[in-house]
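Undergrad: Protein chains in written order, with the working numbering: chain A, 1 to 94; chain B, 1 to 181.
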């Protein structure tokens, strides 16, 4: 029976199985350290991965991207208020 | 900002319909709706902010230039990610390097922060074939069907790469995983 559960470890790790089947697998894993190790470490891997911080999309990035599009000749109208330092062009020196 | 994915999809449809009819002001709405998602994805693919900003801008520029081909049929997001992906692959070929995101905030205790850095490094070292499904499915929370369409492969092939990628990541985490037992 544990061979059947071994085939489901990937789905278990990604929380893709019905709750009932998950519980069955966890019960079977109590008597099978190898299965338990596979299940625990793979699920932990997915959790660690999903817990990575997302890169922050800052206002500066938002506007730098808009300015890149503007430089390419596309004016993009957004509803997000523009920060004041993007509203006024500094005078050219020299 | 609209909160639910259903609202987002209705809003997306309205914007696309307007853009198809020639209302170019709708393009800004699409950038506001998807700019952060595309930026996050390209940052994770390329590993630095400047390249991610370039790739995000170029992704939306391509959408704008090809707005005559747009259809409000629900496949826009997949198409957008596919454009972003192709641009990232081009950039990666040019640079042949991937940096660890230096600005990312790895919060928590020192040990947890160190573990996150280890996970990020292990992820960056994975072959692209494995890294892409992990980025799309586990980090961007995109469905297997959409991820498969973005990568131009079947759903079973996507799942196979996803599962092998997770196992490859676990292998690379080796010692760090042992400490968690």
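The C-beta atom is built at its ideal place from N, Cα and C for all residues, glycine as well.
Check this for me: beta carbons of residue 74/A and residue 28/B, under 7 angstroms apart or not?
TA: Start at 1 with the first residue of the first chain, and residue 74/A comes out as number 74. Start at 1 with the first residue of the second chain, and residue 28/B comes out as number 28. Not a contact, by the Cβ cut-off of 7 angstroms.
Undergrad: In the DSSP assignment, the alpha helix (DSSP H) including residue 45/B goes from what residue to what residue?
TA: For the purposes of this step, residue 45/B is taken as residue 45 along the second chain, with counting starting at 1. First-last of the alpha helix (DSSP H) with residue 45/B: 26-46.
Undergrad: Under a Cβ-count criterion, where at least 16 other Cβ atoms within 10 Å of its own Cβ denotes burial, should residue 120/B be classed as buried or exposed?
TA: Counting from one through the second chain, the residue named residue 120/B turns up at place 120. Classification of residue 120/B: buried, given that the 10 Å Cβ count is 16 or more.
Undergrad: Kindly indicate which three-state DSSP category residue 76/B falls into: helix, strand or coil?
TA: Start at 1 with the first residue of the second chain, and residue 76/B comes out as number 76. Residue 76/B: helix per DSSP, three-state reduction.
Undergrad: Looking at chain A, is there any beta carbon in it that lies within less than 7 angstroms of the beta carbon of residue 19/B?
TA: Residue numbering aside, residue 19/B sits at position 19 when the second chain is read from its first letter. Not an interface residue.
Undergrad: Taking 7 angstroms as the CB-CB limit, is residue 72/A close to chain B?
TA: In the first chain, counting from the first residue as 1, residue 72/A sits at position 72. So yes, residue 72/A belongs to the interface.
Undergrad: Let me make sure I understand the geometry here. Which of 52/A, 58/A, 8/A has the alpha-carbon closest to that of residue 28/A?
TA: Along the first chain, one-based indexing puts residue 28/A at 28. Answer by Cα proximity: 8/A.
Undergrad: Along chain A, in chain order, which residues have C-beta atoms closer than 9 angstroms to that of residue 121/B?
TA: In the second chain, residue 121/B corresponds to position 121, counting from 1. The premise fails here: residue 121/B is roughly 11 angstroms from chain A at the closest Cβ pair, so nothing lies under 9 angstroms.
Undergrad: Do you know how far the Cα of residue 173/B is from the Cα of residue 161/B?
TA: The count along the second chain starts at 1 and reaches residue 161/B at position 161. The count along the second chain starts at 1 and reaches residue 173/B at position 173. Between residue 161/B and residue 173/B, the C-alpha separation is close to 18 angstroms.
Undergrad: Rounded to whole angstroms, how far is the Cβ of residue 134/B from the Cβ of residue 66/A, which I believe are closer than 8 angstroms?
TA: Position 134 of the second chain, counting from 1, holds the residue named residue 134/B. Position 66 of the first chain, counting from 1, holds the residue named residue 66/A. Wrong, their Cβ atoms sit about 30 angstroms apart, outside the cutoff.
Undergrad: Could you tell me which of 59/A, 6/A, 16/A sits nearest to residue 32/A, measuring between CA atoms?
TA: Start at 1 with the first residue of the first chain, and residue 32/A comes out as number 32. Residue 6/A is the option with its Cα nearest to residue 32/A.
Undergrad: Tell me which residues of the segment 55-67 of chain A have at least one Cβ-Cβ distance to chain B shorter than 8 angstroms, keeping chain order.
TA: Against chain B - using a Cβ distance shorter than 8 angstroms - the residues of the segment 55-67 of chain A are 55, 56, 57, 61, 62, 64, 65, 66.
Undergrad: I'd like to know if residue 170/B contacts chain A, where contact means its C-beta is closer than 7 angstroms to some C-beta of that chain.
TA: Counting from 1 along the second chain, the entry for residue 170/B is found at position 170. Output row for residue 170/B: interface = yes.
Undergrad: So what's residue 172/B in DSSP terms, helix, strand or just coil?
TA: Locating residue 172/B in the second chain gives position 172, counting from the first residue. Here residue 172/B sits in helix by DSSP.
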